[in-house]
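Residue numbers (my numbering): 4 to 127.
What follows is a set of notes on a single structure, which appears directly below.
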Amino acid sequence: MKLIILITAEREHGLTIAEAWQKAGAPGITIVQTNGLYSLQQEVKAGNIELPRMVSSMAAAMAHVLDQMEKQGHLLISVVEDNMVDPLIDEATKLLGDLTLPNNGVLFVLPVDRAVGVVRHDQK
Numbered sequence: 004m005k006l007i008i009l010i011t012a013e014r015e016h017g018l019t020i021a022e023a024w025q026k027a028g029a030p031g032i033t034i035v036q037t038n039g040l041y042s043l044q045q046e047v048k049a050g051n052i053e054l055p056r057m058v059s060s061m062a063a064a065m066a067h068v069l070d071q072m073e074k075q076g077h078l079l080i081s082v083v084e085d086n087m088v089d090p091l092i093d094e095a096t097k098l099l100g101d102l103t104l105p106n107n108g109v110l111f112v113l114p115v116d117r118a119v120g121v122v123r124h125d126q127k
């Protein structure tokens, strides 16, 4: 089995890709809304985010800043059988384009030694 992870700043494509992965046979897809550090830095530089004047900790300051930001991207995660990896990559590149080009996203695959509870929802 493999863990396939896609990170994209293309917010409008995240849900579409997740649905395409589901149709292609992925047993389940987790979607997490994300903010990249680069986007955060650009928002602060542009003055679009107000930094707190007094904070109790750096973590509190970061939480304040992240609360102000609009979620810009998606992180998609799915545990799949080995033969599903290439079809899911194909679905992602159909919408995002060539992932080797800047700003289209990052996709990587990790081996999964063991997984419990991975079932297609339509097979329950």
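Where is the CB? At the ideal position from N, CA and C, for every residue including glycine.
At the C-beta level, ILE34 and VAL109 stay beyond 7 Å of one another. One thing to note: THR37 has its Cβ no nearer than 7 Å to the Cβ of LEU98. In the three-state reduction of the DSSP assignment, ILE20 falls in the helix class. DSSP places VAL47 in the helix class (H, G or I) of the three-state scheme. Assignment of LEU104 by DSSP, reduced to helix, strand and coil, places it in the coil class.
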